[in-house]
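Visitor: First the structure, which I've put down as structure tokens, then a few questions once you've had a look.
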Amino acid sequence: MVTEFYKQLFEDPGGYEPYCLSNSFPELSPKDRSMLSTPITQLEIVEALKRMGGLKAPGPDGFQALFFQTQWSTVGTTMCKLLQDIFKNPRKVAEMNKTFITLIPKVENVSSLKQMRPISLCNVSYKLLTKAIAFRLRNIMVDLVGPNQCNFVPNRHTSDNIIITQEVIHSMSYKTGKKGWMAIKIDLEKAYDRLNWTFIKETLTMIGIPLNLVELIWHCISSSSMQVLWNGETLPEFKPTRGIRQGDPLSPYIFVLCMERLFHLIEVAVCQELWKPIKQSKKGPAISHLAFADNLILFAEASLDQAEIIKSCLDSFCLSSGMKVSEENTRVFFSKNVGWNVKSEISSSLGFQRTDNLGKYLGVQLHHTRVSRNSFQSVMNSINRRISSWKAKTLSFAGRLTLTKSVLAALPSYTMQTVFLPRQLCDEIDKASRSFLWGDSRAHRRVHAIAWETICKPKTVGGLGIREARKINTSFMMKNCWALCSQPNKLWVRVLKAKYDCGEDRVPMINKKTIASNVWRGICDAWKFVQTGIAWNVGDGKTTKFWNERWLPSRVILLEAVITLVPRHFLDQVVAEYVDEGGNWKLNMLQHLLPDSILQEILAVAPPSEKNDVDVLCGEEPKTVVFQ
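So the numbering used here is basically just the index in the sequence shown, starting at one, shifted up by 1373.
Okay, here's the thing in structure tokens:
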């Protein structure tokens, strides 16, 4: 029964319907094409092996990565020759392409095989090959994948999409006027397992990947054979005819590239003004979709016409790719100004259930109302569950200290990256950590011999180095503040700066708003610590404000060091305006405004020049230490 279920799941039902959009992917550069087609090198293979977990579950051949890592001097030459031969003759990959499927429960009480996630255990020799290919694909992902997808693309993170989604939901909660918005949280049923092989090959060809690499990837996918592990035994072997394997290093990159074709459809519909995306501010970017792997959210105006456009795009993509939208698990959320009748008509047209709460997105609870302590009960529950699973009485103080620092402090960290937790919740987290550290139980509270404030100090000044929850949270908000300054082209940065009217300068104007999202409140709270540490390394001098920003080695703000009043029209001038045509400082403009010590410091700095790179933001250690 189990084999039959997965044999059917990985079986292509036929009926492939191709679609193609001209100029969908940007053209690869000759340098990228050369990099992709070059024969695999020993250095790439060794690098792939180094990045493998040594004790991860082995494939059918029984060898873990640790064996190859420790015995590489013996087996390395043979392994490299084998993989280089496969790169020349892709058909040979079938010899090492056997796979075990182990089943991981998605829920606590499993009642059907649909509630199990099939994870593929591939041979290490095979994964060395596909990991090396994946490293090459990773180098071109930034150019091929739009900013709305943030997984497996360098310098993009889950927090990017979480922040954008939360901002859109926040705006929807306060939306007024005639036109409403909707957010559709799409559930793609068994997305990896249903992906059509012809669609994959067509996508790789459209991208312009060299034919020899397309052929190799094709054989990696199509030559596999599978056996399900069930109760410690292997079930009969079968050969799939569709799908990619979760556990193959190549699969995530293939999936992201295939999903990009759906987003090409959406972008064409947006450009033709058929799909009307959500725009939270006049100057802000329009948001039509966000994705992290198969976690997909679509945004549009709330109307029947938009519902038909969305359904048409999804149907076209699913017919070609083999994927299937789970109507049972997909939800539609509407802004507050959408009437009940309109909600019913749209949800019926789409075939999706409407909801007042989209729940979690990428592991973080979305907030549809004002944030309170109860909004994050799940964070506290995870900490309490972990503590209850440990036997504090059997652990030494040093053992409890290690667990407190490495586990309890880490559990809420993922949420803290995008959420400013209420003070009460941070205090509860600290209280739970404190009680576990001293070995308290429900029936008995032991003596806390050292004050918590002392324990939380760095070891260098007599503490134990435990970090307080509020300071951890503030440090993550400071990181977001710095990104607002240093990464202006990121989508989430553009959304926030436009929504909260931060101006066009690289250093934004951060101001508290009456109606603001939770993350913006956190950024405003942390900004005072970041602002004191922002400085500039002057290049061409066309960005840095001469009077209002730190650019001298002493990090002094010149406006605070003047000896007489600076004319108002001087205040917006940049550093480059104080250099003459000969490339020297215009000291005659400054002698009556600044003291001699500052003038000497300016003279010691090389004047900006158009030959230099642009001005670069740099950080200096804040005067107020927030996070040790």
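Cβ atoms here follow ideal geometry from the backbone N, Cα and C, with glycine treated the same way.
Can you list, in chain order, the residues of its chain with a C-beta nearer than 6 Å to that of K1612? Leave out the 5 residues immediately preceding and following it.
Guide: S1598
Visitor: In angstroms with no decimal places, state the Cα-to-Cα distance between M1469 and Y1499.
Guide: 6 Å
Visitor: Within 10 angstroms of the Cβ of A1949, are there 16 or more other Cβ atoms? Answer buried if so, exposed if not.
Guide: buried
Visitor: Could you have a look at C1991 and say whether DSSP puts it in helix, strand or coil?
Guide: strand
Visitor: Helix, strand or coil: which one does DSSP assign to R1464?
Guide: Judged by DSSP in its simplified three-state form, R1464 adopts helix.
Visitor: Using 8 Å as the Cβ pair cut-off and three pairs as the minimum, do the stretch 1806-1816 and the stretch 1862-1877 touch?
Guide: no
Visitor: Taking one C-beta from the stretch 1818-1826 and one from the stretch 1761-1769 each time, how about it: are there three or more such pairs within less than 8 Å?
Guide: no
Visitor: Take the Cβ of I1477 as the centre, count every other Cβ of all protein chains shown within 10 Å, and call the residue buried at 16 or more, exposed below.
Guide: I1477 should be labelled exposed.
Visitor: In the DSSP assignment, find the alpha helix (DSSP H) that holds W1893 and state where it starts and stops.
Guide: 1891-1904
Visitor: The beta strand (DSSP E) spanning F1672 covers which residue range?
Guide: For F1672, the uninterrupted beta strand (DSSP E) run begins and ends at 1668-1674, by DSSP.
Visitor: Buried or exposed: where does P1386 fall if 16 or more other Cβ atoms within 10 Å of its Cβ makes it buried?
Guide: With fewer than 16 other Cβ atoms within 10 Å, it is exposed.
Visitor: Hey, is M1789's beta-carbon within less than 9 Å of any beta-carbon in chain D?
Guide: Among the chains of the structure shown, chain D does not appear; only one protein chain is present.
Visitor: Within the same chain, show all residues whose beta-carbon is closer than 7 Å to that of G1724, passing over the 5 residues directly before and after it, in chain order.
Guide: Close CB contacts of G1724 within its chain, under the 7 Å cut and outside five residues either way in sequence, are with E1700 (chain order).
Visitor: In chain order, what residues of the same chain lie with their CB nearer than 6 Å to the CB of N1985, ignoring the 5 residues before and after it?
Guide: Result list for N1985: G1912, D1913, in chain order.
Visitor: From the DSSP output, in three-state form, read off C1495 for me.
Guide: strand
Visitor: How many Å lie between V1643 and P1520 at the Cα?
Guide: In this structure, the alpha-carbon of V1643 lies about 15 Å from that of P1520.
Visitor: Report, in whole angstroms, the separation of the C-beta atoms of L1568 and I1617, which I expect to be a contact under 8 Å.
Guide: 5 Å
Visitor: Using the Cβ count rule (16 or more neighbours within 10 Å means buried), how would you classify H1942?
Guide: exposed
Visitor: What first and last residue would you give for the beta strand (DSSP E) that runs through T1472?
Guide: 1471-1478
Visitor: Taking just the CA atoms, how far does C1897 sit from C1354?
Guide: Residue 1354 lies beyond the range of the chain shown here (1374 to 2001); nothing can be said about it.
Visitor: Below 9 Å between beta carbons: does that hold for N1702 and P1625?
Guide: no
Visitor: Just the Cα atoms here: how many angstroms apart are S1720 and I1492?
Guide: Take the alpha-carbon of S1720 and the one of I1492: they are about 34 Å apart.
Visitor: For Y1389, which of helix, strand or coil comes out of DSSP?
Guide: Looking at Y1389 - three-state DSSP - the assignment turns out to be coil, as it is neither helix nor strand.
Visitor: Using the Cα positions of I1888 and F1919, report the straight-line distance between them to the nearest angstrom.
Guide: 34 Å
Visitor: Who are the near neighbours of T1376 in its chain, counting only those whose CB is closer than 7 Å to its CB and skipping five residues on each side?
Guide: V1601, L1608, P1609, F1611
Visitor: Can you find at least 3 beta carbon pairs, one from the stretch 1708-1719 and one from the stretch 1549-1559, that sit closer than 8 Å?
Guide: Touching, per the Cβ criterion.
Visitor: If C1991 and W1900 are in contact, beta carbons under 8 Å, what's the gap, nearest whole angstrom?
Guide: Rounded, the Cβ-Cβ distance is 18 Å, inconsistent with contact.
Visitor: Return the bridge partner residues of F2013 from the DSSP annotation.
Guide: Residue 2013 is absent from the model: the chain starts at 1374 and stops at 2001.
Visitor: Do you know offhand how far Q2001's Cα is from T1833's?
Guide: At Q2001 the pLDDT is 38, less than 50, meaning the model places this residue with poor confidence; the figure from the coordinates comes in the next sentence. Computed Cα separation, rounded: 11 Å.
Visitor: Rounding to the nearest angstrom, what Cα-Cα distance links T1940 and E1826 in this structure?
Guide: First, the amino acid is wrong: residue 1940 is Pro here, not Thr. When rounded, the distance between both Cα atoms is 48 Å.
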